[in-house]
Amino acid sequence: MSAMAVALCTWQLHPYLPWADPSKVGNAQIRIGVFNVFHHNENYNAGVDVLLTSDCDVLAVLEVSSEWDLALTDGLVHAYPYSVRVPQSDCCYGMSVYSRLPIVTDTVMYLTRDPVIKAMVTLNEVDVDVWCVHTRPPIFPNDTEERNLLLGLVAKEVAASGRSALLMGDLNIVPWAKEFKQLKAVSGMDDARRGFLATYPLELGIPLIPIDHILHTDTFSTSFCRTVLIPGSDHKGLVAGLSYR
Numbered sequence: 001m002s003a004m005a006v007a008l009c010t011w012q013l014h015p016y017l018p019w020a021d022p023s024k025v026g027n028a029q030i031r032i033g034v035f036n037v038f039h040h041n042e043n044y045n046a047g048v049d050v051l052l053t054s055d056c057d058v059l060a061v062l063e064v065s066s067e068w069d070l071a072l073t074d075g076l077v078h079a080y081p082y083s084v085r086v087p088q089s090d091c092c093y094g095m096s097v098y099s100r101l102p103i104v105t106d107t108v109m110y111l112t113r114d115p116v117i118k119a120m121v122t123l124n125e126v127d128v129d130v131w132c133v134h135t136r137p138p139i140f141p142n143d144t145e146e147r148n149l150l151l152g153l154v155a156k157e158v159a160a161s162g163r164s165a166l167l168m169g170d171l172n173i174v175p176w177a178k179e180f181k182q183l184k185a186v187s188g189m190d191d192a193r194r195g196f197l198a199t200y201p202l203e204l205g206i207p208l209i210p211i212d213h214i215l216h217t218d219t220f221s222t223s224f225c226r227t228v229l230i231p232g233s234d235h236k237g238l239v240a241g242l243s244y245r
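Position 117 of the sequence shown, counted from 1, bears residue number 117 in this note's numbering, the numbering being contiguous throughout.
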C-alpha cells in the first residue's frame, strides 16, 4: 500500500516536480508576469527595475500600497502607457495592471471582499481578457472558503465570456490542489507553469511552494515560464512567454 501511495503522489505531482522541464517550447508572442512586491517592502526602485527588465507586455502587480503605486507609476509610465490601478493603504490587497498593449476596457470587480481587475487588451487585433487576482490565504476556515469561492466565481466568469483570457495572480493555492484543478476545469484554462517553480515564502532564501500562477485559455500555448527575484519581497515573480494559436 505504501508503494502504491508513493506512486500515486508522484503521478499527481510529476508536472510540478523540480526536474520537470521549464525551458522554451516555442516562440513567445506575448510575455506576461505576476509580481507580488510585498506591501511592506520599501525597495521601490529595485522593484521597478525588476519589472522593467522582465520585458513583459503585461504586468500584474500585487500588494500595491500607496507608496508602491507612486513608485510604479513614476517608473513604468513610459514603458507601460496603459494601466488599471487599485492601490490600498491597508495591507495587503492593492493591485495594478500595467500594459504595453492597448487596454480597450477595464473594470474593478468585488466578487468577495477584495478587488479583482479585469482588463481587455488587444493582441494582433484580437481582444483578450486579462484577469488579476489575489485570494485570501487558507489560514482560517473562513479565509479558505472565501479563496475557494473567489476562484470558482472567476472561473465561471472566464467560461461565460467565451473570449481568450489570461489570468495572473497570487492564488494562495498549490497547483495540485483540488480547487485549483476545478478552477482549470471550469474556466477551460491551462497552467503556464513548467516545472515546480516555487514562489513563496522567501524568508529562508529559498521558496518552498508554488502559489503564484499564470493561466491561459487554449487559444494560447506556453513558450517558457520562469521565476524572477523581487528585492525585499517574500514572493518571487513569475514570468511566462505565450504564443497565440
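Built from N, CA and C at the ideal position, the CB exists for glycine as well.
### Query
Taking the alpha helix (DSSP H) that ASN142 falls in, what are its first and last residues?
The count along the sequence shown starts at 1 and reaches residue 142 at position 142. Start and end: 141-161.
ask   = Can you name the residues that DSSP bridges to ARG226?
value = The sequence position of residue 226 within the sequence shown is 226, counting from 1. Its beta-bridge partners are VAL239.
Practice prompt. Check THR53 in the structure and name its three-state DSSP category.
Written response: Sequence index remark: in the sequence shown, residue 53 carries index 53 (1-based). DSSP places THR53 in helix when its eight states are reduced to three.
Can you confirm whether the segment 202-210 touches the segment 84-95 when touching is taken to mean that 3 or more C-beta pairs between the two stretches lie within less than 8 angstroms? Contact between the segment 84-95 and the segment 202-210 is absent, because fewer than three Cβ pairs lie under 8 angstroms.
task: Could you pull out every residue in the same chain whose Cβ sits closer than 8 angstroms to the Cβ of CYS225, ignoring the five residues on either side in sequence?
output: Sequence index remark: in the sequence shown, residue 225 carries index 225 (1-based). Taken in chain order, the residues that qualify are PRO22, ALA192, ARG193, ARG194, GLY195, LEU197, ILE214, LEU238, VAL239, ALA240, GLY241.
Which same chain residues end up closer than 8 angstroms to ARG147 when comparing Cβ atoms and leaving out the 5 residues on each side of it in sequence? Looking up residue 147 in the sequence shown gives position 147. Sequence-distant Cβ neighbours of ARG147 in its own chain, meaning closer than 8 angstroms and more than five residues away, are THR135, ARG136, PRO137, PRO138, LEU171, ASN172, ILE173, GLU179.
Subject >> Close beta carbons around LEU229, own chain, < 8 angstroms, minus the five adjacent residues each side >> reply: If you number the sequence shown from 1, residue 229 lands on position 229. Within the same chain, LEU229 has close Cβ partners VAL50, LYS236, GLY237.
| So, are the CB atoms of PHE35 and VAL61 less than 8 angstroms apart? | For the purposes of this step, residue 35 is taken as the residue at position 35 of the sequence shown. For the purposes of this step, residue 61 is taken as the residue at position 61 of the sequence shown. PHE35 places its beta carbon less than 8 angstroms from that of VAL61.
So for PHE38, helix, strand or coil by DSSP? Position 38 of the sequence shown, counted from the first residue, corresponds to residue 38. In this structure, PHE38 counts as coil in the three-state DSSP scheme.
Pair within 8 angstroms by beta-carbon distance, VAL37 and GLY47 = What you label residue 37 is simply residue 37 of the sequence shown in a count that begins at 1. What you label residue 47 is simply residue 47 of the sequence shown in a count that begins at 1. A distance below 8 angstroms separates the beta carbons of VAL37 and GLY47.
- Query: Can you list, in chain order, the residues of its chain whose CB lies under 8 angstroms from that of GLN269, leaving out five sequence neighbours each side?
  - Reply: Outside the shown range of the chain, which is 1 to 245, sits residue 269, and nothing can be said about it.
Could you check what DSSP says for ALA119 in three-state terms: helix, strand or coil?
Along the sequence shown, one-based indexing puts residue 119 at 119. Note: ALA119 maps to strand in three-state DSSP.
task = Just the C-alpha distance for LYS24 and SER164, rounded to the nearest angstrom, thanks.
result = Counted from its first residue, the sequence shown places residue 24 at position 24. Counted from its first residue, the sequence shown places residue 164 at position 164. In this predicted model, LYS24 has a pLDDT of only 48, less than 50, meaning its place in the structure is not dependable; the value taken from the coordinates is given anyway. Across the structure, LYS24 and SER164 are spaced so that their CA atoms are roughly 22 angstroms apart.
Kindly say whether CYS225, judged by its beta-carbon, lies nearer than 8 angstroms to any beta-carbon of chain C.
Reference to chain C is not applicable here, since this structure consists of a single protein chain.
By how many angstroms is the C-alpha of SER223 removed from the C-alpha of TRP68?
-> Mapped onto the sequence shown, residue 68 falls at position 68. Mapped onto the sequence shown, residue 223 falls at position 223. Those two C-alpha atoms are separated by around 30 angstroms.
Next on the checklist: Taking 8 angstroms as the threshold (C-beta atoms), are SER96 and VAL64 in contact?
Outcome noted: Stepping through the sequence shown from its first residue, residue 64 is reached at position 64. Stepping through the sequence shown from its first residue, residue 96 is reached at position 96. Closer than 8 angstroms, so yes.
**Asked** Secondary structure at TRP131, three-state DSSP: helix, strand or coil?
**Response** Here residue 131 is taken as the residue at index 131 of the sequence shown, counted from 1. Annotated three-state conformation of TRP131 is strand, per DSSP.
State yes or no: is the C-beta of ASP218 within less than 8 angstroms of the C-beta of GLY188?
-> Residue 218 sits at position 218 when you count from the first residue of the sequence shown. Residue 188 sits at position 188 when you count from the first residue of the sequence shown. Going by C-beta atoms, ASP218 is nearer than 8 angstroms to GLY188.
- Beta-carbon proximity check, ASP127 vs VAL104, cutoff 8 angstroms: Here residue 127 refers to the residue found at position 127 of the sequence shown. Here residue 104 refers to the residue found at position 104 of the sequence shown. The answer is yes: Cβ separation under 8 angstroms.
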